Amino acid sequence: MNTLRFYNTLTKKIDDFVPNVEGKVSLYTCGPTVYHFAHIGNLRSYIMEDILDRSLRYAGYDVKRVMNITDVGHLSSDADTGNDKMVEGAKREHKTVMEIAKFYTDAFFSDCEKLNIRIPDVVEPATNCISEFINMIEVLLEKGYAYIAGENVYFDTSKLDKYYTLSNQNEEELMIGVRDDVDEDTNKKNKADFVLWFTKSKFEDQELKWDSPWGKGYPGWHIECSCISMKHLGEYLDIHCGGVDNIFPHHTNEIAQSESFTGHKWCNYWFHVNHLNVRGGKMSKSKGDILTVSVLQEQGYNPLVYRMFCLQSHYRKPLEFSYEILDNMKIAYDKLKKSTLRIKAEGDSSAVDTKAFDEYKAKFMDALSNDLNTSSAITVLYEMLKADINNATKLALIEDFDQVLCLDLLKEEESAACAVDSELENYILERIEARKEAKKNKDFATADSIREELASKGITIKDTREGTVWTME
Ligand code: AMP
Ligand code: ZN
């Protein structure tokens, strides 16, 4: 078994991964809130979590991965204020909450499929687990970690000495976010307290409500991940994943509930993916200004180009999205695929050189073990493709590496975007560049003639805030 090392938000350092049970991994991922399409920022998190999942399997672990689907309780502010996102989605589209949930859950998994993100072993919608939530809240009340105020049930954060351990910020800093919320909840004893169960709420139009010992109501957002994780993975969790925005308050609250409930440490490793940003700011569903996989496809990009875009940068660094980088990635991806498919087409009946195979496999594993350094792993692939080893060995290694990279390196049927000849693509990009230059020099006649020239070849160009994009008939 190879040892993986990755950054643990809990210990604030890169740790050797040692599971609770030898050879087995319990892995939990916060799933999407299904009131809108996932944007490519959300999907950056899911791609990199997929890499973690696949790297663990590649290293030889038997992984059980669980993901929730948030279809109730997530308010527009993570600190329990604002409107329920699902209710907002339903109103926006004149549908029921459950219709919205089904539609966007299906859309999410269709995006995952396009991006070669493995579907977790268990996917559980929050609305399936109401009795589990009620049970955990009852225990928290019995143990004195929760209280009822204004007919809602709250978690009492003052009962814990180490409430802020995960976020490693001081209380003052963290409270800024909570304080900024417009409508502060006066029922809370402490500002960081959070809702476990809403009964009496300002949301008269809340569509989904369930009976509970505290009256008809619905769960808060944080309780769902603690319960769904424990339902399927037990009281000792190896790894919990999410985007960095989940560290506080969501994951901090999950730890508070889970450890107060069980009376012992819950999860050993916390894995967080940094944000995809656009023009310096986080891409976010609530801002409405989002890019989806379908939009990229409409613009002629193979979704796996976006997967490669994510793999070429480190998951712990913020990543700035730009069409310019995506275009370069498209060229790189097409070239890479051409060379892997050429090796496949040429074939080789000689035996695999096991020494070379083991050597490159070890290098590839090293890159992944080094805090999931996917761009180094891709460099190992490039080095191997250039190396003086036979095609049979190269082919075996491409297949092996693609278990983690999942770039479909040996898949023949190419998407329309992938099939575009790279010479033609270089020509288009060169003309777009020339048009940009002409526009810069206020030579609009030349700029227009370039557009017409491309149009005559069936190539449509569109100027977006992120740059010029093109599509081909
Ligand atoms: P949500 O559907 O809003 O609950 O978010 C789903 C996942 O996407 C969570 O793990 C978030 O932390 C993550 N996420 C949200 N925005 C971004 C972003 N701009 N870049 C990367 N991950 C994000
Ligand atoms: Zn969660």
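Numbering (the working numbering), first residue to last: 82 to 554.
Heads up, the beta-carbon is just placed ideally off N, CA and C, and yes, glycines get one too.
Since the structure is predicted, the reported quantities are computational estimates derived from the model, not experimental observations.
Would residue i and residue j qualify as a contact pair, given that the criterion is a beta-carbon distance under 9 Å?
| i | j | result |
| --- | --- | --- |
| residue 215 | residue 294 | yes |
| residue 386 | residue 135 | no |
| residue 170 | residue 82 | no |
| residue 148 | residue 116 | no |
| residue 400 | residue 358 | yes |
| residue 207 | residue 119 | no |
| residue 225 | residue 268 | no |
| residue 113 | residue 151 | yes |
| residue 541 | residue 527 | no |
| residue 309 | residue 213 | yes |
| residue 476 | residue 482 | no |
| residue 383 | residue 429 | no |
| residue 247 | residue 133 | no |
| residue 372 | residue 364 | yes |
| residue 177 | residue 288 | yes |
| residue 270 | residue 244 | no |
| residue 468 | residue 441 | yes |
| residue 506 | residue 411 | yes |
| residue 418 | residue 510 | no |
Assuming the contact rule is C-beta atoms closer than 8 Å, residue i and residue j should be a hit. Round their C-beta distance to whole Å, please.
| i | j | result |
| --- | --- | --- |
| residue 334 | residue 275 | 5 Å |
| residue 196 | residue 388 | 5 Å |
| residue 445 | residue 474 | About 13 Å separates the two Cβ atoms, so there is no contact after all. |
| residue 211 | residue 131 | So it is not a contact: roughly 29 Å between Cβ atoms. |
| residue 301 | residue 154 | 5 Å |
| residue 479 | residue 421 | 5 Å |
| residue 393 | residue 459 | 7 Å |
| residue 548 | residue 403 | 7 Å |
| residue 86 | residue 450 | 5 Å |
| residue 342 | residue 465 | Not confirmed; about 48 Å, so no contact. |
| residue 303 | residue 331 | 6 Å |
| residue 512 | residue 534 | 7 Å |
| residue 281 | residue 233 | 6 Å |
| residue 228 | residue 237 | 6 Å |
| residue 350 | residue 97 | Wrong, their Cβ atoms sit about 10 Å apart, outside the cutoff. |
Please work out which residues of its chain come closer than 6 Å, Cβ to Cβ, to residue i, disregarding the five sequence neighbours upstream and downstream, and give them in chain order.
| i | result |
| --- | --- |
| residue 324 | 126, 354 |
| residue 297 | 290 |
| residue 204 | 148 |
| residue 129 | 354, 396 |
| residue 106 | 100, 137, 142, 144, 319 |
| residue 185 | 115 |
| residue 454 | 448 |
| residue 348 | 318, 321 |
| residue 462 | 482 |
| residue 500 | Residue placement at residue 500 is poorly supported in this model, since its pLDDT is 46, which falls under 50; the coordinates still yield a value, given next. Closer than 6 Å at Cβ, skipping near neighbours: no residue. |
| residue 339 | 307, 347 |
| residue 519 | 527, 528 |
| residue 543 | 550 |
| residue 427 | 472 |
| residue 220 | 342 |
| residue 536 | none |
| residue 497 | Low local confidence applies: a pLDDT of 46 at residue 497 is under 50, so the model's placement there is unreliable, and no value is given. |
| residue 360 | none |
From the DSSP output, read off the bridge partner residues of residue i.
| i | result |
| --- | --- |
| residue 106 | 144 |
| residue 544 | 549 |
| residue 236 | 227, 275 |
| residue 203 | 147 |
| residue 89 | 94 |
| residue 609 | Nothing about residue 609 can be reported from this structure: the residues present for the chain run from 82 to 554 only. |
| residue 121 | Answer is none; residue 121 lacks a bridge partner. |
| residue 402 | None; residue 402 has no bridge partner. |
| residue 352 | 322 |
| residue 291 | 298 |
| residue 165 | 156 |
| residue 114 | 151 |
| residue 358 | 363, 401 |
| residue 451 | 86 |
Going by beta carbon distance, what residues of the same chain come within less than 8 Å of residue i, once the five residues before and after it are set aside?
| i | result |
| --- | --- |
| residue 567 | The shown model of the chain, from 82 to 554, leaves out residue 567, and the question about it has no answer. |
| residue 94 | 88 |
| residue 356 | 122, 125, 324, 325, 326, 363, 364, 399, 400 |
Apart from the five residues on each side of it in sequence, which residues of its chain come closer than 7 Å, Cβ to Cβ, to residue i?
| i | result |
| --- | --- |
| residue 179 | none |
| residue 425 | 476, 491 |
| residue 123 | 113 |
| residue 84 | 97, 98, 450 |
| residue 423 | none |
The ligand ZN site residues, beta-carbon cut 5 Å against heavy atoms: 111, 306
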